[in-house]
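Below is one structure, written out as structure tokens, with a few remarks after it.
There are 2 protein chains.
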Amino acid sequence: MEQSGPETAQRPTVSSVAAHAGVSRQTVSNALNNPERLQPETLKRVLTAIEETGYVRSAAARQMRTARSGVIAYRLDPVRDGIGGAVLDTFLHALTAEAERRDYRVVLYTADSDEAELRQFSSLTQARAADAFVLVGTHRNDLRYRWLSEHGIPFSVFGRPWPEEGTTAAEPAHAWIDVDGAAGTAQAARHLLDLGHRNIAFVGWPAGSETGDERRRGWDEAMAAAGVGAAERRPLDSEQQDGILEGADAAARLLAGGATAFVCASDSLAVGAFSAVRAAGARAAVVGFDDSPTAAALGLSSIRQPLDDAAAWALASVLDQLDGRAPRERDARLLLPRLVVRESSQPPASATR
Amino acid sequence: MEQSGPETAQRPTVSSVAAHAGVSRQTVSNALNNPERLQPETLKRVLTAIEETGYVRSAAARQMRTARSGVIAYRLDPVRDGIGGAVLDTFLHALTAEAERRDYRVVLYTADSDEAELRQFSSLTQARAADAFVLVGTHRNDLRYRWLSEHGIPFSVFGRPWPEEGTTAAEPAHAWIDVDGAAGTAQAARHLLDLGHRNIAFVGWPAGSETGDERRRGWDEAMAAAGVGAAERRPLDSEQQDGILEGADAAARLLAGGATAFVCASDSLAVGAFSAVRAAGARAAVVGFDDSPTAAALGLSSIRQPLDDAAAWALASVLDQLDGRAPRERDARLLLPRLVVRESSQPPASATR
């Protein structure tokens, strides 16, 4: 739909479009609602007039006609971590821009529990303030997917589903997309191996989170493939909560144990590891995860998630559902991240290459 | 308005509310639209029935009746800096939560220039997808205020207006709120003076930005008030672009010149200054600005902006305008920030107190 420029003084109406095109108001209405009833030439004339007059259909009229709001809802969470948080900000910006391109809007809501979020689902859809939901962040025993599915409300998820407790990991019934974290950390480990490192440590989260376990697995498999045995890998693995100070503590300990490079599960951990390396005056390489603006500012190599692609897919999925289009594939997808190399990717002091 | 719980199978209607309350549909309609026409007891009975049935008025119905969308629009910008960016994330979350409390929603839009933003204003209001705008970020010769004012569209601004080029700083005609940056850096400087520092440097932005000049002025005035003369202050002042590396470079230079403490215009600069202090093995104090999650993680003292208050005020201002209520005051306000003291606030090595 063409938008009226800011210079437009009077809001164009169906009548002014009809006058401009030299057709009846009913013909304009048909062009908007039942284009198949018009001759192609007439339709084209009306659409040109709509464009030239800058006519914009009112959201209320669209909504009464289509029973749709043209709005996708997204939960905005409180800011937790200035480094990792930027990933979701980037995703939200990409989602908003992509929605605009497809003549949709993004409305925000807050919720501090699954139960509060179900109330928001109910309120937003009953009030027709939103047609569909894009969810991010998944957790065990997530109540939301089943509720939305049972109520026939379109949604897609950025984040793979966790198997429900007491069940096996069945094929999930809903649309989701995620980034292949293992592929990212494997790429980081291979990059450091190529630079000549062998004692490449993993600075990760405590075992038991799917995202964290995936990232650990990528490092582990790449190291094993390069011939670093299990006994050699074990002391190079570390678990801690996410955070700059936690990353610094872990790196200081691992440096003392002989590590010369670090694959980190997050940029927060990597910023900490990087500061520990510099504090120790050591020549060690650090790779983070998420390619945050902070990583870029510090010259930290990092794994970049394809957030524009993820947002475009998440939106396309709900629009497909809204329009009753069948998903093209399984409607679930893993995207490949890519390594951004910066100054923190140094060869080892002993490098002979 | 009470929200229906997720367990509600059928959406309650005006008829079901009327049946529940034992009144006519017209009485329910009056309770919703013209409550002054009902006896207080009747009104209370209907509102109780609305609550008990979980009736939610449809957004489309509300919109057709009031010519309002119940939606406030907010421009979402691309992520620039993982540290400073958290301020606006926090503001947006507070705005969204406050809007929910007042039965409004926040819709997002993007724009990469004033001109693009005017097109969004036009499109969003003509389509009745938003009633009003909360703007953040102000700049010289800002086209937006005049356009919105001329079109009679309610808006408020987080950020004080810049005087237009070629004019004197006239009293701005629109509603704005800002944080008193000078009061913040003055507080930081007095805190460091109290700890026993005298060579307190300012790590700031290039002169010429209102926000940056304000923050410099607070430091400067507090130092002057403590008897640090102009000739002594001059070499302690520094100008650089915002950034971690820029902060580190400035602090290293100022440390070499004898500075023992740093008041920084942003947490990005402060994170850099803090890392330079540690790299030099120096005992120097650092205070940042914005109390970002990164500052908290690193143990950096920082000035905290009252973002919840700013968001609540920005929203209250546009709702007042929408409802035709006169602003209570000048409809412009400066909020006081407050210093959050953490480990980076060390007394000087030579402290005798």
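Sequences listed follow chains A and B, in order. If you're matching positions, the first sequence starts at 2 in our numbering and goes up one per residue. If you're matching positions, the second sequence starts at 2 in our numbering and goes up one per residue. Just so you know, even glycine gets a beta-carbon here, dropped at the ideal spot from N, CA and C.
Taking a contact to mean a Cβ-Cβ separation below 8 Å, would you say residue i touches residue j in this structure?
i: F122(A); j: A315(A); result: no
i: L193(B); j: A274(B); result: no
i: A298(A); j: L255(B); result: no
i: E240(B); j: G205(B); result: yes
i: S346(B); j: S302(B); result: yes
i: A117(B); j: A312(B); result: no
i: R339(B); j: G300(B); result: no
i: V341(A); j: D292(A); result: yes
i: S157(A); j: V319(A); result: yes
i: Y75(B); j: L48(B); result: no
i: P79(A); j: L323(A); result: no
i: T111(B); j: L77(A); result: no
i: A281(B); j: A262(B); result: no
i: D321(B); j: D90(A); result: no
When the Cα atoms are used, what is the spatial distance from residue i to residue j?
i: V107(A); j: I304(A); result: 28 Å
i: V135(A); j: R218(B); result: 45 Å
i: S150(A); j: D132(A); result: 13 Å
i: L270(B); j: P294(B); result: 14 Å
i: S114(A); j: A277(A); result: 37 Å
i: L337(A); j: P307(A); result: 7 Å
i: A231(B); j: V180(A); result: 56 Å
i: W163(B); j: Q242(A); result: 44 Å
i: L237(A); j: V88(B); result: 37 Å
i: I201(B); j: W220(B); result: 9 Å
i: I51(A); j: V288(B); result: 57 Å
i: S16(A); j: R129(B); result: 19 Å
i: P348(A); j: R279(A); result: 15 Å
i: M224(A); j: F203(A); result: 10 Å
i: G6(A); j: T212(B); result: In this prediction, G6(A) has a pLDDT of 41, which is less than 50 and means its spatial position is unreliable; nothing more can be read from the coordinates.
i: G185(B); j: A260(A); result: 43 Å
i: R145(A); j: L125(A); result: 14 Å
i: R46(B); j: T14(B); result: 16 Å
i: R102(A); j: A317(A); result: 11 Å
i: R38(A); j: D309(B); result: 53 Å
i: A350(A); j: G138(A); result: 40 Å
i: D214(A); j: P207(A); result: 8 Å
i: H198(B); j: R191(B); result: 9 Å
i: A249(A); j: A227(B); result: 38 Å
i: D143(B); j: A251(A); result: 49 Å
i: R161(B); j: Q127(A); result: 39 Å
i: Q40(A); j: R120(B); result: 32 Å
i: V29(A); j: Y56(A); result: 11 Å
i: R235(B); j: G209(B); result: 17 Å
i: F290(B); j: R141(A); result: 38 Å
i: G258(B); j: A296(A); result: 29 Å
i: V272(B); j: A176(B); result: 34 Å
i: R69(A); j: G23(A); result: 30 Å
i: A283(A); j: A174(B); result: 58 Å
i: Q244(B); j: G244(A); result: Before going further, note that residue 244(B) is Gly rather than Gln in the sequence given. Each residue's alpha carbon lies about 20 Å from the other.
i: I73(A); j: Q27(A); result: 31 Å
Mind checking who residue i pairs with in its DSSP beta bridge?
i: A133(B); result: I73(B)
i: G289(A); result: S303(A)
i: L193(A); result: According to DSSP, L193(A) bridges with nothing at all.
i: E240(B); result: G205(B)
i: Y110(A); result: R76(A)
i: R339(A); result: R305(A)
Please look up how many angstroms separate the CB atoms of residue i and residue j, rounded, as I've assumed it's under 8 Å.
i: G182(B); j: R147(B); result: Incorrect: roughly 25 Å between the Cβ atoms, too far for contact.
i: G71(A); j: Y105(A); result: 6 Å
i: A32(B); j: S25(B); result: No, A32(B) and S25(B) are not in contact; Cβ-Cβ is about 11 Å, not under 8 Å.
i: T54(B); j: H21(B); result: 5 Å
i: I178(B); j: R334(B); result: 5 Å
i: E222(B); j: A189(B); result: Contact doesn't hold; Cβ gap of about 12 Å is too wide.
i: L109(A); j: L196(B); result: Actually they are not in contact, since the Cβ atoms of L109(A) and L196(B) sit about 42 Å apart, beyond 8 Å.
Segments assigned beta strand (DSSP E), at least 3 residues, entirely inside the stretch 255-280 of chain B: 262-265
Runs of alpha helix (DSSP H) lying entirely within the stretch 209-234 of chain B, each at least 4 residues, in chain order: 211-226, 231-234
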